[in-house]
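A.B. asks: The structure's right below; bear with me while I get my questions together.
There are 2 protein chains.
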Amino acid sequence: MTIEEAKTTRDEQRLRDPERTKFEILAVATQEFANRGFAGARVDEIAAKTRTTKRMIYYYFGSKERLYVATLEKSYEDIRVTEQNVDVENLDPVTAIRLLAEFTFDRHEANPTFSRLVSHENMQNAQFVTAASGFPGLERPIIKMLEQVLEHGRADGVFHRDIDALDVHMLISSFCFFRINNRYTFAANFGRDPVEASRRSIYRQMIGDVVVEYLTSSPT
Amino acid sequence: MTIEEAKTTRDEQRLRDPERTKFEILAVATQEFANRGFAGARVDEIAAKTRTTKRMIYYYFGSKERLYVATLEKSYEDIRVTEQNVDVENLDPVTAIRLLAEFTFDRHEANPTFSRLVSHENMQNAQFVTAASGFPGLERPIIKMLEQVLEHGRADGVFHRDIDALDVHMLISSFCFFRINNRYTFAANFGRDPVEASRRSIYRQMIGDVVVEYLTSSPT
DNA sequence: ATTTTGTTTAACTAGTTGTTTAATTATATT
DNA sequence: AATATAATTAAACAACTAGTTAAACAAAAT
Numbered sequence: 001m002t003i004e005e006a007k008t009t010r011d012e013q014r015l016r017d018p019e020r021t022k023f024e025i026l027a028v029a030t031q032e033f034a035n036r037g038f039a040g041a042r043v044d045e046i047a048a049k050t051r052t053t054k055r056m057i058y059y060y061f062g063s064k065e066r067l068y069v070a071t072l073e074k075s076y077e078d079i080r081v082t083e084q085n086v087d088v089e090n091l092d093p094v095t096a097i098r099l100l101a102e103f104t105f106d107r108h109e110a111n112p113t114f115s116r117l118v119s120h121e122n123m124q125n126a127q128f129v130t131a132a133s134g135f136p137g138l139e140r141p142i143i144k145m146l147e148q149v150l151e152h153g154r155a156d157g158v159f160h161r162d163i164d165a166l167d168v169h170m171l172i173s174s175f176c177f178f179r180i181n182n183r184y185t186f187a188a189n190f191g192r193d194p195v196e197a198s199r200r201s202i203y204r205q206m207i208g209d210v211v212v213e214y215l216t217s218s219p220t
Numbered sequence: 001m002t003i004e005e006a007k008t009t010r011d012e013q014r015l016r017d018p019e020r021t022k023f024e025i026l027a028v029a030t031q032e033f034a035n036r037g038f039a040g041a042r043v044d045e046i047a048a049k050t051r052t053t054k055r056m057i058y059y060y061f062g063s064k065e066r067l068y069v070a071t072l073e074k075s076y077e078d079i080r081v082t083e084q085n086v087d088v089e090n091l092d093p094v095t096a097i098r099l100l101a102e103f104t105f106d107r108h109e110a111n112p113t114f115s116r117l118v119s120h121e122n123m124q125n126a127q128f129v130t131a132a133s134g135f136p137g138l139e140r141p142i143i144k145m146l147e148q149v150l151e152h153g154r155a156d157g158v159f160h161r162d163i164d165a166l167d168v169h170m171l172i173s174s175f176c177f178f179r180i181n182n183r184y185t186f187a188a189n190f191g192r193d194p195v196e197a198s199r200r201s202i203y204r205q206m207i208g209d210v211v212v213e214y215l216t217s218s219p220t
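Residue numbers (my numbering), protein chains in the order written: chain U, 1 to 220; chain L, 1 to 220.
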């Protein structure tokens, strides 16, 4: 169910639809929190952008803070599910690591909202991500897959760097994240929008090349 | 003059010191805007953390917005000045590019405040960086130096990638920026704080290796 | 028919917050 | 020393905010 579906299906069959109501609140809240942060978002504004009322937010989520945590948890869960659909089992390590880099690249481009939520969390020292549970971390499929590919590549003698999955993930994510999240200042400062469609394939290949060359080269 | 100096020198010699007052307001405002963003920062709070009063902010800066733009301009100017002290003129390209990567790495670690300001600007679509002038972009020394080193490296036949200074800068900055700015969620998610002192040299060398291996390798 | 669950309307209440008015005092100028 | 200018302080304003809840009502479920 998308937000649009949720909005249009209203009133056609059921006057009441708690699942739909909850879903729409969560979807709108995610956008608002991603754009303005926890403190900057307004419960009034979130309610106004749904087909329900402010009272419903409190009926289902209890408080602004609990709504915020719910959007974080939902967003993390969505990422986890997306990652679960990737399969690099039967690929050679070099092809596999490039595919994982490109997957992360695409994921960032397809879901800037998540990156914005994460960015806001960091601006407030990740106080809610740290406090609440329910965030997949080390259990994330991407980490597991990176671990397997790295092990495979080292066993095959094609990867020579002493680096683990978390640091490879940081290398890949940092590039993808920066391109999306810092596009505005980068464009303002340097006159080049890194998210411009015509440059997309350049950067997609670039992060793949960067990771492959780094892992396959030898430490001096 | 540091903030501490500005605070302690008060009242010892001069009861009035417009330069000191302006400086302290700007320094405190930079911290507040970096931590809370333009909308999140409070003029009251900024004033409370200085030795002056709220009225002085309006006396010298006119409005919250003009104060914010002043902090942005000052921060960008500080970066420019820092970059001016780097010299890679007489180094071979590989050594030079590694040194530039490490310089950027160190700069991010030494000045997290600037990265936070930039991050907040991006969360609001860089509306103030875009609107105001006075931000060095393409004129930044780091870009000029990268251009020279890349040209030199290609002339020498050691760099084989078709990539310009802006994209190399993005590759380097993204890693350094992410490590600092996303440390909180990264630590919360994966149990590893990338800014932990003991790992510093690993990452510092890593970004150098990444850039060198990428530039010196050949496109397939 | 009755209970439970979902929804709407509206109010509250305590506080916020950028900005300005006006008075005061230190320093510079003549 | 007298005057003018620049720096500083204290206090108020005024419109608005914003998360939360009370109370009543209506649709589904039992």
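Built from N, CA and C at the ideal position, the CB exists for glycine as well.
These numbers were taken from a predicted model, which means no experiment stands behind them.
Could you tell me the boundaries of the alpha helix (DSSP H) in which residue 40(U) lies?
C.D. replies: 18-40
A.B. asks: Only counting the same chain, and skipping five residues up and downstream in sequence, which positions put a Cβ closer than 7 angstroms to that of residue 103(L)?
C.D. replies: 86
A.B. asks: Beta-carbon separation of residue 53(U) and residue 25(U) under 8 angstroms?
C.D. replies: no
A.B. asks: Smallest Cα separation from residue 179(L): which of 168(L), 165(L) and 202(L)?
C.D. replies: 202(L)
A.B. asks: Taking CB distances under 8 angstroms as the criterion, tell me whether residue 114(U) reaches chain L.
C.D. replies: At a cut-off of 8 angstroms between beta-carbon atoms, residue 114(U) makes no contact with chain L.
A.B. asks: Consider the Cβ of residue 135(U): report whether some Cβ of chain L lies at a distance smaller than 8 angstroms.
C.D. replies: yes
A.B. asks: Using a C-beta to C-beta distance shorter than 8 angstroms, which residues of chain U count as neighbours of residue 217(L)?
C.D. replies: Chain U residues near residue 217(L): 209, 213 and 217.
A.B. asks: Where does the unbroken alpha helix (DSSP H) through residue 140(L) begin, and where does it stop?
C.D. replies: Run containing residue 140(L): none; DSSP gives neither H nor E here.
A.B. asks: Measure the CB-CB distance between residue 117(L) and residue 33(L) and report whether it falls below 8 angstroms.
C.D. replies: yes
A.B. asks: When you compare the CB of residue 153(L) with every CB in chain U, is at least one pair closer than 8 angstroms?
C.D. replies: no
A.B. asks: At a Cβ threshold of 8 angstroms, is residue 150(L) touching chain U?
C.D. replies: no
A.B. asks: Would you tell me roughly how many angstroms separate the C-alpha atoms of residue 76(L) and residue 119(U), rounded to the nearest one?
C.D. replies: Rounded to whole angstroms, residue 76(L) to residue 119(U) spans 21 angstroms at the Cα level.
A.B. asks: What does a CB cutoff of less than 7 angstroms around residue 91(U) pick up in its chain, not counting 5 residues either side in sequence?
C.D. replies: So the qualifying residues of the chain are 99.
A.B. asks: Between the Cα of residue 215(L) and those of 66(L), 165(L), 112(L) and 81(L), spot the shortest distance and give me the residue it belongs to.
C.D. replies: It is 165(L) whose Cα lies nearest to the Cα of residue 215(L).
A.B. asks: Closest to residue 188(L) by CA distance: which of 47(U), 111(U), 122(U) and 78(U) is it?
C.D. replies: 122(U)
A.B. asks: Measure the C-alpha to C-alpha separation of residue 7(L) and residue 21(L) and round it to an integer number of angstroms.
C.D. replies: Note that residue 7(L) has pLDDT 47, beneath the 50 cutoff, so the model's placement of it is unreliable and no number is given.
A.B. asks: Can you name the residues of chain U whose CB is closer than 7 angstroms to the CB of residue 192(L)?
C.D. replies: 166
A.B. asks: Taking only beta-carbon atoms, is residue 81(U) less than 8 angstroms away from chain L?
C.D. replies: no
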